[in-house]
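Novice: I have a structure here, written as structure tokens, and I will follow up with some questions on it.
2 protein chains.
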Amino acid sequence: MRTRKTHQTELVMQAVHALDHPTASNVLDAVHELDPSVSRATVFRVLAEAAESGEVQRLVLAGSSDCFDITLCKHAHMVCSRCGAISDVDVPDTSALQRDAVGVKGGRIDACHVQFFGLCPECNRGEPHQNQ
Amino acid sequence: MRTRKTHQTELVMQAVHALDHPTASNVLDAVHELDPSVSRATVFRVLAEAAESGEVQRLVLAGSSDCFDITLCKHAHMVCSRCGAISDVDVPDTSALQRDAVGVKGGRIDACHVQFFGLCPECNRGEPHQNQ
DNA sequence: GCTATAATTAAGACATAGTCTTATTAAGGA
DNA sequence: TCCTTAATAAGACTATGTCTTAATTATAGC
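Pasting the structure below:
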């Protein structure tokens, strides 16, 4: 369990809050702008621990590397097909989906993961491509 | 475009058909049992080309490495939380989900990816753990 | 403020997935 | 059989993520 308050942890958590659905690498870049001496392993570890403790949410997405979300309540995400940006999406009902799903007989379905693909507001407006 | 019929391509395609939702590494292992001289790059390339041409379907899943599916019709998948096995799942209706989803204003939702987590028949029966 | 101790870190090795380059091999038409 | 060129083997390379280890440092107790 994290007990000591360190310079590095503060920088990482600040970055997660400042950025929108950042990957570990995004956080690393932001942290390095303030302090290039912080190691890659520390950023990955601090993020993993924060996700483990429930302080942030780790988003495991199809086709993207893991992102971190400070919004803890359950919601779905859209991945921009053009720039890769992650946007929040509210889905009214996914339980119906799970109920109606027909799996292999003998198997058991526990959870349902819904993810959308599309264009983020910027890319939809035809604005210059901005990769995360 | 693939024009020549080679030993390596035959082995790879045979393996994809023999295995159930294999990853590229699964295919590599199977191919290596018959011919250890086939290179890793060849297996990845042949699979990528087969997916590109529509001969097989590349499954890009959350939390798993890409798998290859010989079933071309659209369906969802369940990832076994215990052993990682992929099972096919039929979902009656996902268009409703996309219609009802509320994204960021200005953005556009184009596609919907549904993935389930649960236990495959073997793991649900409490049979010995078998990792892919 | 000083010291001891144990949590935290930096550095880099390691694992895995996937792509790319290049020299070599071999498929298949002439 | 010979040629052309598609396809391959080998391995470099990128990226994400984890793990190990020795060094650093936060903080509790004095």
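Protein chains in written order, with the working numbering: chain A, 1 to 132; chain B, 1001 to 1132. Glycine included, every Cβ here is placed at the ideal spot set by N, Cα and C. Just so it is clear, the structure is predicted and the values come from calculations on it, not from any experiment.
I'd like the span of the alpha helix (DSSP H) that includes B/Asp1020, first residue to last.
Specialist: Unbroken run through B/Asp1020: none, as it is neither H nor E.
Novice: If we define contact as Cβ-Cβ less than 8 Å, is A/Ile86 a contact residue for chain B?
Specialist: Closer than 8 Å: no.
Novice: At a Cβ cut of 8 Å, what residues of the stretch 1100 to 1115 of chain B count as close to chain A, listed as they run along the chain?
Specialist: For the stretch 1100 to 1115 of chain B, residues whose beta-carbon sits nearer than 8 Å to a beta-carbon of chain A comprise Asp1100, Ala1101, Val1102, Gly1103, Val1104, Lys1105, Gly1106, Gly1107, Arg1108, Ile1109, Asp1110, Ala1111, Cys1112, His1113, Val1114, Gln1115.
Novice: Looking at the C-beta of B/Val1060, does it have a partner C-beta in chain A at a distance below 8 Å?
Specialist: yes
Novice: Where does B/Val1012 fall in DSSP's three states?
Specialist: helix
Novice: Check A/Asp199 in the structure and name its three-state DSSP category.
Specialist: For chain A, the structure presents residues 1 to 132; residue 199 of chain A sits outside this window and is missing.
Novice: List the residues of chain B that A/Phe44 touches, going by C-beta distances under 8 Å, in chain order.
Specialist: Chain B residues near A/Phe44: none, gap ~17 Å exceeds 8 Å.
Novice: For B/Leu1072, tell me which candidate among B/Glu1033, B/Gly1106, B/Glu1052, B/Thr1009 has the shortest Cα-Cα distance.
Specialist: B/Glu1052
Novice: Among the residues of its own chain, which have a CB less than 8 Å from the CB of A/Asn131, if the five just before and after it don't count?
Specialist: No answer about A/Asn131 holds up, because its pLDDT of 47 lies below 50 and its placement is not dependable.
Novice: How would you call B/Ser1095, buried or exposed, if buried means at least 16 neighbouring beta carbons within 10 angstroms?
Specialist: exposed
Novice: Quick one: is B/Thr1003 buried, meaning 16 or more other Cβ sit within 10 Å of its Cβ, or exposed?
Specialist: exposed
Novice: Does chain B have any CB closer than 8 Å to the CB of A/Cys120?
Specialist: yes
Novice: May I have the straight-line CA-CA distance separating B/Lys1074 from A/Thr23, to the nearest angstrom?
Specialist: 30 Å
Novice: Let's see if you can read the secondary structure: which residues bound the alpha helix (DSSP H) around B/Leu1047?
Specialist: 1040 to 1053
Novice: Where do the ends of the alpha helix (DSSP H) carrying B/Cys1123 lie?
Specialist: 1121 to 1124
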